[in-house]
Ligand code: ARG
């Protein structure tokens with residue numbers, strides 16, 4: 194038999210089997226296994242209490258019947274207790290912890306044990322998805338960082354992941370940019386070419402502003418911009434070439450930021466990709482009766498939902514084709530769902546997008562449900578992973594002093610500069626080039642981690658001092674713990690996870706050793722909770738607690754002792770702590786360091 198990786202899942206199974214033996218009505222019984230507070234053992238299950246209530250049984254008697262039927266030995270339990278009105282507390286055998294430590298010594302062992310969870314499923318993660326012709330700003334941070342962490346976490350759990358950057362590369366703004374581009378070409382070609390050669394995305398962003406303000410002030414320019422847009426939409430080669438150029442420089446600039454954040458997309462299928470796919474959507478939506486014509490537009494009402502019902506006080510239908518016949522955000526998103534279903538055979542599609550787009554996704558998903566039901570297709574699980582706003586220390590959305598959006602590029606540079614000062618102070622002995630790398634990893638990692646460690650639905654305050662601090666639930670604290678473990682192995686001239694050393698380990702004994710081993714096996718629970726909620730802050734919190742438990746162990750128990758068996762078992766705990774911390778940080782999208 195292979196070693197148990199996820200004890201809570203095994204307990205859940207065991208409790209269900211015991212419930213069958215005890216004659217419970219399984220339809221009413223959910224074991225509800227969770228990690229317990231340390232003084233109560235390893236896990237607790239509250240499900241028998243809820244069951245007893247529903248089945249009108251005595252809760253303690255129900256708990257006793259369950260415990261009597263539980264195969265404690267196969268579940269590697271040292272102790273099962275009935276507490277209070279009928280909670281169950283479980284303590285694992287120390288030997289079960291040791292088996293776990295021996296069985297999962299590498300990142301790939303952890304991965305293959307984890308991969309049973311979502312094996313065989315395809316998940317599309319739609320994230321980052323900025324608009325072209327604009328530089329990414331701080332508002333784009335969260336989608337990129339959270340999306341990458343979620344993609345890595347579900348991939349680790351066995352899903353095939355399609356990372357899809359759904360860029361906004363189509364829309365009315367392109368008429369204005371093309372007008373301004375042609376105007377600049379005619380009036381100051383040399384300046385335009387020089388700017389496009391050195392900072393192309395900045396130049397297109399500037400041209401957009403020029404086009405916008407000029408068109409606002411001059412109706413003739415507005416008209417000319419509209420004409421450029423129509424030419425673009427009807428496939429005029431010159432305008433298509435300019436538009437392509439804009440897309441290319443935008444994606445190249447985005448990629449520089451993605452490189453810092455460890456992001457590689459599998460697909461960059463922007464809104465324009467769906468241009469030729471929307472007409473079929475209109476036809477199906479009309480034919481199935483999901484959509485209807487209204488004042489020239491194509492709209493969808495959801496009468497069962499008071500907010501989107503046609504009977505609402507101010508009806509607010511989902512417009513899927515504008516009155517002028519043009520496609521919009523909703524039409525492309527519908528075509529995108531169909532494409533993800535047919536091309537990727539997606540089981541799930543996650544949209545990592547600002548929570549202020551909640552209404553859009555609610556209407557989109559309701560519409561897709563009806564459309565897929567009417568056409569006999571199997572709808573993927575669709576979920577909007579909404580996130581809050583990044584606030585400045587004044588409690589308002591983070592901006593520069595002059596009230597402008599902060600460029601993501603500048604923000605990550607500042608993070609690196611600040612981390613550099615810290616590294617220069619603390620580790621002047623490390624060579625210059627390595628210090629630069631450390632600063633980038635600590636700086637960028639701090640920004641990523643500060644974002645991920647917050648519950649994504651909440652707003653959070655961006656505070657440099659707190660973020661780059663070596664204390665508290667921060668990247669620097671965890672990266673430092675990792676570096677310290679590496680240095681411990683270097684000092685002892687040992688290799689983490691060396692089987693020749695570890696095979697000499699004696700059984701765990703001290704309270705600190707046992708506490709650390711218990712925390713290590715909870716890695717599976719942290720993953721599970723993160724996947725169930727699609728909220729990476731649970732993984733962050735676990736890693737932070739693990740680092741704290743390790744510190745307590747390290748203070749209490751000396752590793753480099755004479756006795757080779759004690760030394761071996763403590764080295765094994767150090768190696769697994771290092772492994773789980775590094776694996777966890779990599780899942781969050783951070784890079785780790787061997788020294789800092
Ligand atoms: N480009 C959009 C924006 O900047 C985000 C797109 C999100 N993805 C989607 N399939 N709607 O707001």
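Residue numbers (this note's numbering): 194 to 789.
Glycine included, C-beta positions come from ideal geometry on N, C-alpha and C.
Bear in mind that the values here come from a model prediction, so they are computed numbers and not experimental data.
Residue side-chain check: residue 583 keeps its Cβ at 7 Å or more from all non-hydrogen atoms of ligand 1. Taking 7 Å as the cut-off, one finds no heavy atom of ligand 1 near enough to the beta carbon of residue 471. Taking the Cα positions, residue 244 is about 12 Å away from residue 278. Comparing alpha carbon positions, the residue from 647, 446, 683, 337 closest to residue 732 is 647. Taking 8 Å as the cut-off, the beta carbon of residue 533 is found closer than this to the beta carbon of residue 317. Assignment of beta-bridge partners to residue 237 by DSSP yields 227, 282. Residue 240 is not a Cβ neighbour of residue 218, given a cutoff of 8 Å. The set of residues with any CB-heavy atom separation to ligand 1 below 7 Å comprises, in chain order, 319, 322, 323, 324, 359, 360, 361, 522, 526, 529, 544, 546, 547, 550. Distance from the CA of residue 550 to the CA of residue 544, rounded to the nearest whole angstrom, comes to 10 Å. Between the alpha carbons of residue 455 and residue 634 lies a distance of about 11 Å. Around the beta carbon of residue 688, fewer than 16 other beta carbons lie within 10 angstroms, which makes this residue exposed.
One alpha carbon belongs to residue 520, the other to residue 778, and they sit about 41 Å apart.
Ranking 453, 426, 546, 504 by CA distance to the CA of residue 335 puts 546 first. CA-CA distance, residue 467 to residue 513, rounds to 13 Å. Ranking 604, 490, 774, 349 by CA distance to the CA of residue 332 puts 604 first. Secondary structure of residue 579 (DSSP, three-state): coil. Going by DSSP, residue 474 is part of the alpha helix (DSSP H) stretching over 471-480. In the structure shown, residue 433 adopts helical secondary structure according to DSSP, grouped into three states. Per the C-alpha coordinates, the member of 581, 321, 423, 308 positioned closest to residue 365 is 423. Across the structure, residue 274 and residue 719 are spaced so that their CA atoms are roughly 24 Å apart. The beta carbons of residue 674 and residue 743 sit closer together than 8 Å.
Contact between the region 581-594 and the region 658-672 is absent, with fewer than three C-beta pairs closer than 8 Å. Inter-residue distance for residue 715 and residue 294 is about 12 Å (C-alpha atoms, whole angstroms). Annotation for residue 495: 501, 559 place their beta carbon closer than 6 Å to its own, counting only its chain and skipping 5 residues before and after. Of the candidates 531, 682, 394, 503, 531 places its Cα closest to the Cα of residue 471.
The C-beta distance from residue 443 to residue 394 rounds to 6 Å, short enough to meet the 8 Å contact threshold. Remark: C-beta atoms of residue 337 and residue 262 do not approach each other more closely than 8 Å. In the three-state reduction of the DSSP assignment, residue 365 falls in the coil class. Here the region 762-773 does not lie against the region 314-330, with fewer than 3 beta-carbon pairs under 8 Å apart. The region 254-268 makes contact with the region 206-214, as at least three CB pairs between them are under 8 Å. Rounded to whole angstroms, the gap between the alpha carbons of residue 642 and residue 247 is 43 Å. Taking a cut-off of 8 Å for Cβ pairs, the region 408-422 and the region 358-375 touch, as three or more such pairs fall below it. For residue 199, the secondary structure class from DSSP, reduced to helix, strand or coil, is coil.
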